[in-house]
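K.L.:
When we follow the working numbering, the leftmost residue of the sequence shown carries the number 45, and every step to the right adds one.
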Amino acid sequence: MDQYDTLYREFRWQVPAAFNIAAVCCSRWASDNGRIAIHYEDESGRTSTLTYAALEMEANRLSNILRRLGVAPGARVAIVLP
45 MDQYDTLYRE
55 FRWQVPAAFN
65 IAAVCCSRWA
75 SDNGRIAIHY
85 EDESGRTSTL
95 TYAALEMEAN
105 RLSNILRRLG
115 VAPGARVAIV
125 LP
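#1: For ILE123 versus LEU99, is the C-beta spacing smaller than 9 Å?
#2: At what residues does the alpha helix (DSSP H) containing ILE109 begin and finish?
#3: Here's the rule I'm using: 16 or more other beta-carbon atoms within 10 Å means buried, otherwise exposed. How should TYR84 be labelled?
#4: Using the Cα positions of THR91 and ALA81, report the straight-line distance between them to the nearest angstrom.
#5: Cα-Cα, which of ALA62, SER71, ALA119, ALA103 is closest to LEU125?
#6: Considering Cα atoms alone, identify which of MET101, GLU87, LEU51 is closest to ALA74.
#7: Mind pulling the beta strand (DSSP E) runs of 3 or more residues that sit fully within the segment 59-86?
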């Protein structure tokens, strides 16, 4: 077995119990209104971008909708993006 196979088999994520991925990946950059979070190109070649500030705003909007629907903190929710 080569080194890659060993690393792959033995790899384990080490995520703290109180880890907030939104804070790490989005909120820390949202204060810079021009910083691009997502650059997207569709099949026709049309491009669009989303800033971290806009992404945080949309994430907060989704969070509030889920809360109103009764989704509790810590619940797992699957999201499908267009």
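Where a beta carbon is used, it is the ideal one built from N, C-alpha and C, also for glycine. The structure presented is a predicted model; accordingly, all values stated were derived computationally and were not measured.
P.N.:
The answer reads as follows:
#1: no
#2: 96-112
#3: exposed
#4: 14 Å
#5: Among ALA62, SER71, ALA119, ALA103, the Cα nearest to that of LEU125 belongs to ALA103.
#6: For the set MET101, GLU87, LEU51, the Cα lying nearest the Cα of ALA74 is the one of MET101.
#7: 80-85
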